[in-house]
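Visitor: Heads up: the protein sequence lines correspond to chains A and B, in order. Using the working numbering, the first residue of the first sequence is number 2, and each one after it goes up by one. Using the working numbering, the first residue of the second sequence is number 53, and each one after it goes up by one. Supplied in structure tokens, the structure appears directly below.
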Amino acid sequence: MSLLEVRNLRVSFGAKTVVHGVDFAIAPGEKLALVGESGSGKSITALSLLRLAGDAHVEGEALLRGRDLLALSEREMRGVRGGDIAMVFQEPMTALNPLMTVGRQIAEVLEQKKALAPAQSAQAAIELLAKTGIPEPARRALAYPHQLSGGQRQRAMIAMALACEPALLLADEPTTALDVTLRGQILDLLSDLQRASGMAVLLITHDLNLVRRFADRVAVMEQGLVVEQGPVEQVFARPQHAYTQRLIASQPRRDVAPAPVGDAPPLVRADGLRVAYPVPLPGVRGWFRKGEFVAVQGAGLRLLPGQTLGVVGESGSGKSTLAQAILGLLPHAGELQVAGQAWQQPATRNTPHNQALRQQVQVVFQDPFSSLSPRLTVEEIVGEGLRVHAPALPEAERRARVQQALADVGLAEAQFPGLLARYPHEFSGGQRQRLAIARALIVGPKLLVLDEPTSALDVTIQQQVLGLLQRLQKERGLSYLLITHDVEVIRAMAHEVIVMKDGEVLESGPVRQVLEAPRHPYTQRLVAAAQA
Amino acid sequence: MSSSTSPASLSPARRAWGRFKRNRLGYWSLVLFSLLVALSLAAELISNDRPLAVRYEGQTYWPLVKDYPEKTFGGDFDTPTDYLDPFIRERLAQGGNWALYTLNPYGKNTINYFAKAPNPAPPTRDNWLGTDDRGRDLLAQLLYGFRVSVLFGLALTATGVLLGVLAGAVQGFFGGRTDLVFQRFIEIWGSMPELYLLIIFSAIFSPSLGLLLVLLSLFGWMGLSDYVRAEFLRNRQLDYVKAARALGVPDGQIVWRHILPNSLTPVVTFLPFQMSAAILSLTSLDFLGLGVPPGTPSLGELLSQGKNNIDAWWISLSTFGVLVATLLLLTFMGDALRDALDPRKADR
Chain A
2 MSLLEVRNLR
12 VSFGAKTVVH
22 GVDFAIAPGE
32 KLALVGESGS
42 GKSITALSLL
52 RLAGDAHVEG
62 EALLRGRDLL
72 ALSEREMRGV
82 RGGDIAMVFQ
92 EPMTALNPLM
102 TVGRQIAEVL
112 EQKKALAPAQ
122 SAQAAIELLA
132 KTGIPEPARR
142 ALAYPHQLSG
152 GQRQRAMIAM
162 ALACEPALLL
172 ADEPTTALDV
182 TLRGQILDLL
192 SDLQRASGMA
202 VLLITHDLNL
212 VRRFADRVAV
222 MEQGLVVEQG
232 PVEQVFARPQ
242 HAYTQRLIAS
252 QPRRDVAPAP
262 VGDAPPLVRA
272 DGLRVAYPVP
282 LPGVRGWFRK
292 GEFVAVQGAG
302 LRLLPGQTLG
312 VVGESGSGKS
322 TLAQAILGLL
332 PHAGELQVAG
342 QAWQQPATRN
352 TPHNQALRQQ
362 VQVVFQDPFS
372 SLSPRLTVEE
382 IVGEGLRVHA
392 PALPEAERRA
402 RVQQALADVG
412 LAEAQFPGLL
422 ARYPHEFSGG
432 QRQRLAIARA
442 LIVGPKLLVL
452 DEPTSALDVT
462 IQQQVLGLLQ
472 RLQKERGLSY
482 LLITHDVEVI
492 RAMAHEVIVM
502 KDGEVLESGP
512 VRQVLEAPRH
522 PYTQRLVAAA
532 QA
Chain B
53 MSSSTSPASL
63 SPARRAWGRF
73 KRNRLGYWSL
83 VLFSLLVALS
93 LAAELISNDR
103 PLAVRYEGQT
113 YWPLVKDYPE
123 KTFGGDFDTP
133 TDYLDPFIRE
143 RLAQGGNWAL
153 YTLNPYGKNT
163 INYFAKAPNP
173 APPTRDNWLG
183 TDDRGRDLLA
193 QLLYGFRVSV
203 LFGLALTATG
213 VLLGVLAGAV
223 QGFFGGRTDL
233 VFQRFIEIWG
243 SMPELYLLII
253 FSAIFSPSLG
263 LLLVLLSLFG
273 WMGLSDYVRA
283 EFLRNRQLDY
293 VKAARALGVP
303 DGQIVWRHIL
313 PNSLTPVVTF
323 LPFQMSAAIL
333 SLTSLDFLGL
343 GVPPGTPSLG
353 ELLSQGKNNI
363 DAWWISLSTF
373 GVLVATLLLL
383 TFMGDALRDA
393 LDPRKADR
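Rendered as structure tokens:
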């Protein structure tokens, strides 16, 4: 008999239905993965099981050991939440109370649900933290969430969820906010705890690697419907539904011109590049002097024309800072030459020299929602570069160039009537990223800095955008400086790779050498985490 | 996604306007308020002691735009005609003569010397809302007083917004030391006793609306500048600003085209509230006798009359009514505007 049986679950917000009749079941001790892209309704399905979906209207049945969760009173529901079903969220920093120590937060759950005495619950909280593999649990229990690292916070979150030995754990993208090397660890932890306690886990994710590594069965959701479900091996080996096939085939594909032989002068050359930020010093000293945070220390790199240099590292490794220094948006020391010229210092100043150099180097950012001003039209956004670098261009000519740039990135008037007068909010994430690429390319740069260009996109869209970038590179001989944490993207795009950690370049070389025979232990860990 | 469903593309401002219009209370408040302002701007055509047109012995006169001596209409003196004089009225009604009076035949400073009851007089057929303690028609006073209040409120809001946005933009965009110095200046400036300064200045200079506007503007921008500063600090480090920098867009353009339009939400949201605060502050200063010069119609001055003549209920009641209605309409508009600009509110 199944532990949880969901029958014909429908969720709607007002007149808009987001989940159209979903059926699935979880047996006790089973690991089911609910996989789908953003907007597929997977998270809202999980939240509505706990009746935490806000003002959504939920219909159907969700039988937990024969009891319909959707028909329980709010009072009975409180017993179920945390007791029978616990939840782990994506972002532990916001899911934990910043004003309470983690130990206290876990103890509170125990006091409420198990009616333990405070002394007992504090001890139990430390034991729970120990179980999740946090070093020095007794000390960590007294720490506030901000004093823990991202991985430790997620472990504390899991400890809290497990406090009452739930029969079912809902894990909503539990590793998405974490660095790659931590993702595997957290997933292993969940596996171990699941095996030890025999609880069932419903893993909600968009990451197929996690599904393959973790789950027994998988249910694939698309636009509010479960289009396919079955054992993981079967679904991955023989996907039946067209969408599942597309999803599984959406691994980034390598389709780039081979590295040209010969010694063309490098487009970007950096030696001993150093970027530091002023930071306030604590106490009275900070009134008079500023401290210094060195984000990039002694970085050296070469990027040849027509090639892609991948910069891989975790958050805080200084890779985005490096990108901004190359873009001439941050003051920097050491040697840095772009297209044979250095930025006039301070690089943030718009001198004629810097202005001319800016035409050679353009950028595409990660978040397609914050990288386009919401109050400008497509024509204004894409045409901005021409206003700056070709101010004498007649209006009609400028418009024609904007249209050409949009067509180059696959956005056509036929597909979007009135394209030029549209505003960014009318486009999806992938289309916005194309707009950002068009804005960068219209001034005819030689180097495009891609700062996590596909990290905020769904896997199928990611593949399309990478394909577009590969095509543009081949057509125009562009060089890319590709910043990412995703080893798969590097594998698909890069010719050369540098690996960064804590502001320093640990390893560099051709992509095959770095990914297949990594020398530095950190690179080895990074590559291993991605292959799992 | 939703791109194919919307036929015409609407700018964010247009969409906010659509949401505002869907809030019936706020929308109709805006309509009614605009109507009242329009009426008060045309106050001379509604409430005036001169007729709009006079036909006297075969000739047409336009007293609204031209002064005519009393002799023109058979009076004894060369002084400007008092059209409320029963004698003149009689002359103008004789034979084929006629005069087209405004709806309320009293101007802002007209004293009805021919009133039957002592001042302040309760509402009668002649003075629909009664007269104040100097014998001026209350309806005319309210109409002109409302106009002064609204125009003053608009002017004060405009200067406050201008100064506030400018100060906030400078602090937020440059940040760092500029921001630090400006913030300390605001703290010092904000701790000055505004009311005492007003009292001192109204003792030194002769009171006038212009002086009040300057004095109140000096202090009215600080609340808004904090919001604009915060918005600028947030927006200037967003990716679209970085992208514009990478394109080499000059600083001025970045502020004007990119940051400013995206930082104006709190400003627009606060406009009606700022305006009602401005009207209220003018009213309170007038009430205290520190405001507009004598002879200017003013709601605050009427309120103080109502306080001094507590048994003349028509003064305090009608002034209070006008004030409450004005502030309420502004508040309803402000609420609707705030909801319309709330990013969390759904579009459809």
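Don't be surprised by glycine CBs; every beta carbon is placed ideally from N, CA and C. Bear in mind that the values here come from a model prediction, so they are computed numbers and not experimental data.
Quick check on DSSP: helix, strand or coil for arginine 477 (chain A)?
Guide: It is helical.
Visitor: Nearest to leucine 436 (chain A) by alpha carbon, out of A:Ile382, A:Glu453 and A:Asp173?
Guide: The option with the nearest alpha carbon to leucine 436 (chain A) is A:Ile382.
Visitor: If the criterion is Cβ atoms closer than 8 Å, does the pair glutamine 308 (chain A) and serine 480 (chain A) meet it?
Guide: Yes, the pair counts as a contact, with Cβ atoms nearer than the cut-off.
Visitor: By the criterion of Cβ-Cβ separation under 8 Å, what are the contact partners of serine 63 (chain B) in chain A?
Guide: Those within 8 Å of serine 63 (chain B) in chain A are Arg376, Thr378 and Tyr424.
Visitor: According to DSSP, simplified to helix, strand and coil, what is histidine 521 (chain A)?
Guide: Note: histidine 521 (chain A) maps to coil in three-state DSSP.
Visitor: Name, please, each residue of chain A whose Cβ falls closer than 8 Å to the Cβ of aspartate 391 (chain B).
Guide: Under the 8 Å cutoff, chain A gives no residues; its nearest Cβ is about 16 Å from aspartate 391 (chain B).
Visitor: Would asparagine 351 (chain A) count as contacting chain B if we go by Cβ distances under 8 Å?
Guide: Yes - at least one Cβ of chain B is within 8 Å of the one on asparagine 351 (chain A).
Visitor: Return no unless some Cβ of chain B is closer than 8 Å to the Cβ of leucine 330 (chain A).
Guide: Leucine 330 (chain A) counts as touching chain B.
Visitor: Rounded to whole angstroms, what's the CA-CA distance from methionine 94 (chain A) to leucine 100 (chain A)? Just pull it up for me.
Guide: Taking the straight line joining both Cα atoms gives about 12 Å.
Visitor: Strictly below 7 Å CB to CB, what residues from chain A border asparagine 314 (chain B)?
Guide: Those within 7 Å of asparagine 314 (chain B) in chain A are Ser374, Pro375 and Arg376.
Visitor: Let me check one thing: in DSSP terms, what residues is alanine 63 (chain A) bridge-paired to?
Guide: BP columns for alanine 63 (chain A) point to A:Val7.
Visitor: From the beta carbon of valine 403 (chain A), is the nearest beta carbon of chain B less than 8 Å away?
Guide: Not closer than 8 Å to any Cβ of chain B, the Cβ of valine 403 (chain A) fails to qualify, so no.
Visitor: I need the DSSP call for tryptophan 180 (chain B), collapsed to helix, strand or coil.
Guide: In this structure, tryptophan 180 (chain B) counts as coil in the three-state DSSP scheme.
Visitor: Given a threshold of 16 other Cβ atoms within 10 Å of its Cβ, counted over all protein chains shown, does tryptophan 344 (chain A) qualify as buried or as exposed?
Guide: Classification for tryptophan 344 (chain A): buried.
Visitor: Quick one: using the 10 Å Cβ neighbour count with 16 as the cut-off for buried, is threonine 352 (chain A) buried or exposed?
Guide: Its Cβ having fewer than 16 others within 10 Å, threonine 352 (chain A) is exposed.
Visitor: With respect to the beta strand (DSSP E) encompassing lysine 291 (chain A), which residues constitute its N-terminal and C-terminal limits?
Guide: Here the beta strand (DSSP E) through lysine 291 (chain A) covers 291-304.
Visitor: Please compile the residues from chain B whose C-beta is within a distance smaller than 8 Å of the C-beta of glutamine 1 (chain A).
Guide: In this structure chain A extends from 2 to 533, so residue 1 (chain A) is not present and cannot be described.
Visitor: Enumerate in chain order the residues of its own chain whose CB-to-CB distance from phenylalanine 234 (chain B) is below 8 Å, with the five nearest sequence positions on each side excluded.
Guide: Contacts found: Ala219, Val222 and Gln223.
Visitor: Using 8 Å as the threshold, is the C-beta distance between arginine 303 (chain A) and arginine 275 (chain A) below it?
Guide: Not in contact: arginine 303 (chain A) and arginine 275 (chain A) (Cβ atoms no closer than 8 Å).
Visitor: List the residues of chain A that proline 302 (chain B) touches, going by C-beta distances under 7 Å, in chain order.
Guide: The answer, in chain order, is Asn351.
Visitor: Jot down the residue ranges of each uninterrupted alpha helix (DSSP H) in the stretch 66-99 of chain A, minimum 4 residues, whole runs only, in chain order.
Guide: As far as the stretch 66-99 of chain A is concerned, its whole alpha helix (DSSP H) runs of at least 4 residues are 75-81 and 93-96.
Visitor: On a CA-only basis, which of A:Ala348, A:Ser41 and A:Gln514 is nearest tyrosine 244 (chain A)? Give me that one, please.
Guide: Closest by alpha carbon: A:Ser41.
Visitor: Since glutamate 223 (chain A) is in the beta strand (DSSP E), which residue starts that stretch and which ends it?
Guide: 218-223 is the extent of the beta strand (DSSP E) around glutamate 223 (chain A).
Visitor: Let me see if you follow: with CB-CB separation under 8 Å, is arginine 440 (chain A) close to chain B or not?
Guide: Yes, arginine 440 (chain A) lies at the interface with chain B (some Cβ there is under 8 Å from its Cβ).
Visitor: When the Cα atoms are used, what is the spatial distance from alanine 361 (chain A) to glutamate 283 (chain B)?
Guide: The question names alanine, but residue 361 (chain A) in the sequence shown is glutamine. For glutamine 361 (chain A) and glutamate 283 (chain B), the distance between alpha carbons rounds to 31 Å.
Visitor: How would you write the range of the alpha helix (DSSP H) that threonine 124 (chain B) sits in, first residue to last?
Guide: Threonine 124 (chain B) -> no alpha helix (DSSP H), and no H or E assigned at all.
Visitor: Apart from the five residues on each side of it in sequence, which residues of its chain come closer than 8 Å, Cβ to Cβ, to arginine 213 (chain A)?
Guide: Cβ neighbours of arginine 213 (chain A) beyond the five flanking positions: Val233 and Phe237.
Visitor: Short check: CB of isoleucine 331 (chain B) to CB of leucine 190 (chain B), under 8 Å?
Guide: The answer is no: Cβ separation not under 8 Å.
Visitor: So for tryptophan 288 (chain A), helix, strand or coil by DSSP?
Guide: It is helical.
Visitor: Does the stretch 114-123 of chain B come close enough to the stretch 131-143 of chain B that 3 or more CB-CB pairs lie under 8 Å?
Guide: With the cut-off at 8 Å, the stretch 131-143 of chain B and the stretch 114-123 of chain B touch.
Visitor: Check whether the Cβ of alanine 295 (chain B) lies closer than 8 Å to any Cβ atom in chain A.
Guide: For alanine 295 (chain B), the answer is yes, since a Cβ of chain A falls inside 8 Å of its Cβ.
Visitor: Ordered along the chain, which non-local residues of its own chain (more than five positions away) have a Cβ less than 8 Å from that of proline 59 (chain B)?
Guide: Residue confidence is low: proline 59 (chain B) scores 47 on pLDDT, short of 50, so the model does not pin down where it sits. No coordinate-derived value is stated.
Visitor: Take serine 13 (chain A) and list the residues in its own chain whose beta-carbon comes closer than 6 Å to its own, dropping the five residues that flank it on each side.
Guide: His58.
Visitor: Can you list the residues of chain A that leucine 290 (chain B) reaches, using a CB-CB cut of under 7 Å?
Guide: Those within 7 Å of leucine 290 (chain B) in chain A are Ser371.
Visitor: Is there a C-beta anywhere in chain B that falls below 8 Å from the one on valine 444 (chain A)?
Guide: Taking Cβ atoms only, chain B reaches closer than 8 Å to valine 444 (chain A), which makes this a yes.
Visitor: Please say whether threonine 162 (chain B) and alanine 173 (chain B) have beta carbons closer to each other than 8 Å?
Guide: Result no, Cβ atoms of alanine 173 (chain B) and threonine 162 (chain B) do not sit closer than 8 Å.
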